[in-house]
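Read the structure below first, then the notes.
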Amino acid sequence: MIPDLATLSCQLIQAADGKSRYLVALAGPPGAGKSYRSALLCDAINQHLPGQAVVVPMDGYHFDNAVLGREQLPVKGAPHTFDVDSLRHDLLRIRDGEKAVAVPVFDRPLDLARAGGRLITPAHRIVIVEGNYLLLDQAPWCALLPLFDWTLFIDVDDSVLIERLINRWLCMGKDHAGALERTHHKDMLNAQLVKTYSLPPDQRWL
Numbered sequence: 418m419i420p421d422l423a424t425l426s427c428q429l430i431q432a433a434d435g436k437s438r439y440l441v442a443l444a445g446p447p448g449a450g451k452s453y454r455s456a457l458l459c460d461a462i463n464q465h466l467p468g469q470a471v472v473v474p475m476d477g478y479h480f481d482n483a484v485l486g487r488e489q490l491p492v493k494g495a496p497h498t499f500d501v502d503s504l505r506h507d508l509l510r511i512r513d514g515e516k517a518v519a520v521p522v523f524d525r526p527l528d529l530a531r532a533g534g535r536l537i538t539p540a541h542r543i544v545i546v547e548g549n550y551l552l553l554d555q556a557p558w559c560a561l562l563p564l565f566d567w568t569l570f571i572d573v574d575d576s577v578l579i580e581r582l583i584n585r586w587l588c589m590g591k592d593h594a595g596a597l598e599r600t601h602h603k604d605m606l607n608a609q610l611v612k613t614y615s616l617p618p619d620q621r622w623l
């Protein structure tokens, strides 16, 4: 059974009952709608538990363009272009739950991460971490799995992903040829990696 938003939010609220901190991984390929759905899920939980849910975006852990350099910049968004160690370190601090933890947030139009862009406080009992590679069965990403209490994966057909990704690049100022290039030779390569090598989630979300 594939849950709707209301059912899923109730499931997570029940699962987190009595726990001071509950971490949820929301994974899926580029263009699957992870940011959008994580925000919806967070809002649905907060309607029942005001101020107790928050989202941590994996995209905030992109290496800066200056760090990636000319050779790696064209493949920015691939697994090795993220600072996984820092993400894991911050998730450990968030699991501890004793102090507020500042996490970076990626500014897509500016193509850079803003340090300290979001504050995760002890009041945030349910933390939804969203990103492409959270369930990837490859080192160093697979070291993240034990940190999550619940895992979700968004399933989206390739045809839908391609349409969304092309529109994303067009909205970001690429011409049609550039949008097609980025979609097929960058994003969809990462999408196939995520779809093929992600570990089975606790719940799939269509």
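Just so you know, we're using our numbering here: the sequence shown kicks off at 418 and counts up by one. Using N, Cα and C, we set each Cβ at its ideal position, and we do this for glycine too. Since the model is a prediction, treat every value here as computed from it, not as a measurement.
Report yes if the CB atom of residue 569 is closer than 8 Å to the CB atom of residue 609, and no otherwise.
Residue mapping note: residue 569 aligns to position 152 of the sequence shown, counting from 1. Residue mapping note: residue 609 aligns to position 192 of the sequence shown, counting from 1. No, the Cβ-Cβ distance between residue 569 and residue 609 is not below 8 Å.
Under the rule that 16 or more other beta-carbon atoms within 10 Å means buried, what is residue 454, buried or exposed?
Locating residue 454 in the sequence shown gives position 37, where the first residue counts as 1. Looking at its Cβ environment, which holds 16 or more other Cβ atoms inside 10 Å, residue 454 is buried.
May I ask you to verify whether the stretch 496-505 touches the stretch 472-486, counting CB pairs closer than 8 Å and requiring at least 3?
Counting Cβ pairs under 8 Å, three or more are found: they touch.
Going by other Cβ atoms of all chains shown within 10 Å of its Cβ, with 16 needed for buried, is residue 563 buried or exposed?
Here residue 563 refers to the residue found at position 146 of the sequence shown. Per the 10 Å Cβ criterion, exposed.
Measure how close the beta-carbons of residue 584 and residue 447 come, nearest whole angstrom, since I'm counting them as under 8 Å.
For the purposes of this step, residue 584 is taken as residue 167 along the sequence shown, with counting starting at 1. For the purposes of this step, residue 447 is taken as residue 30 along the sequence shown, with counting starting at 1. Not confirmed; about 13 Å, so no contact.
On a CA-only basis, which of 592, 602, 565 is nearest residue 439? Give me that one, please.
As a working mapping, residue 439 is identified with position 22 in the sequence shown. The shortest Cα separation from residue 439 among 592, 602, 565 belongs to 565.
Taking only the alpha-carbon atoms, compute the straight-line gap between residue 556 and residue 475 and give it to the nearest angstrom.
Along the sequence shown, read from residue 1 onward, the residue named residue 556 stands at position 139. Along the sequence shown, read from residue 1 onward, the residue named residue 475 stands at position 58. Each residue's alpha carbon lies about 16 Å from the other.
Closest by CA to residue 428, which one among 444, 461, 623, 456?
Here residue 428 is taken as the residue at index 11 of the sequence shown, counted from 1. Among 444, 461, 623, 456, the Cα nearest to that of residue 428 is on 461.
How should residue 577 be labelled, buried or exposed, when 16 other C-beta atoms within 10 angstroms of its C-beta is the threshold for buried?
As a position in the sequence shown, residue 577 is number 160, starting the count at 1. Exposed, by the Cβ-count rule.
Going by the beta-carbon positions, is the gap between residue 571 and residue 470 smaller than 8 Å?
Here residue 571 refers to the residue found at position 154 of the sequence shown. Here residue 470 refers to the residue found at position 53 of the sequence shown. No, Cβ-Cβ distance for residue 571 and residue 470 is not below 8 Å.
I need the straight-line Cα distance from residue 580 to residue 525, nearest angstrom please.
Working through the sequence shown from its first residue, we reach residue 580 at position 163. Working through the sequence shown from its first residue, we reach residue 525 at position 108. Approximately 19 Å between the Cα atoms of the pair.
Report yes if the C-beta distance between residue 366 and residue 567 is below 8 Å; otherwise report no.
Summary: the structure shown does not reach residue 366, with the chain confined to residues 418 through 623, and so no result is reported for it.
Which parts of the stretch 462-548 are runs of the beta strand (DSSP E), unbroken and 3 residues or longer, counting only runs that do not cross its ends?
Segments of the beta strand (DSSP E) lying fully in the stretch 462-548: 470-474, 518-524, 529-537, 543-548.
Would you tell me roughly how many angstroms separate the C-alpha atoms of residue 423 and residue 466, rounded to the nearest one?
Position 6 of the sequence shown, counting from 1, holds the residue named residue 423. Position 49 of the sequence shown, counting from 1, holds the residue named residue 466. About 13 Å.
Opposite residue 439 in the DSSP bridges: which residues?
For the purposes of this step, residue 439 is taken as the residue at position 22 of the sequence shown. Answer is 543.
With DSSP collapsed to three states, give me the class of residue 551.
The residue labelled residue 551 in the question sits at position 134 within the sequence shown. Residue 551 falls in the coil class under three-state DSSP.
Kindly identify the DSSP beta-bridge partner or partners of residue 570.
Counting from one through the sequence shown, the residue named residue 570 turns up at place 153. Beta-bridge pairing links residue 570 to 444, 621.
Do residue 537 and residue 522 have their C-beta atoms within less than 8 Å of each other?
Here residue 537 is taken as the residue at index 120 of the sequence shown, counted from 1. Here residue 522 is taken as the residue at index 105 of the sequence shown, counted from 1. Not in contact: residue 537 and residue 522 (Cβ atoms no closer than 8 Å).
Starting from the C-beta of residue 518, find all residues in its chain whose C-beta is less than 7 Å away, skip the five residues before and the five after it, and write them out in chain order.
Within the sequence shown, residue 518 is the residue found at index 101, counting from 1. Cβ neighbours of residue 518 beyond the five flanking positions: 507, 510, 511, 537.
On the DSSP bridge assignment, give the partners of residue 615 in chain order.
Here residue 615 corresponds to residue number 198 of the sequence shown, with the count starting at 1. Paired residues: 553.
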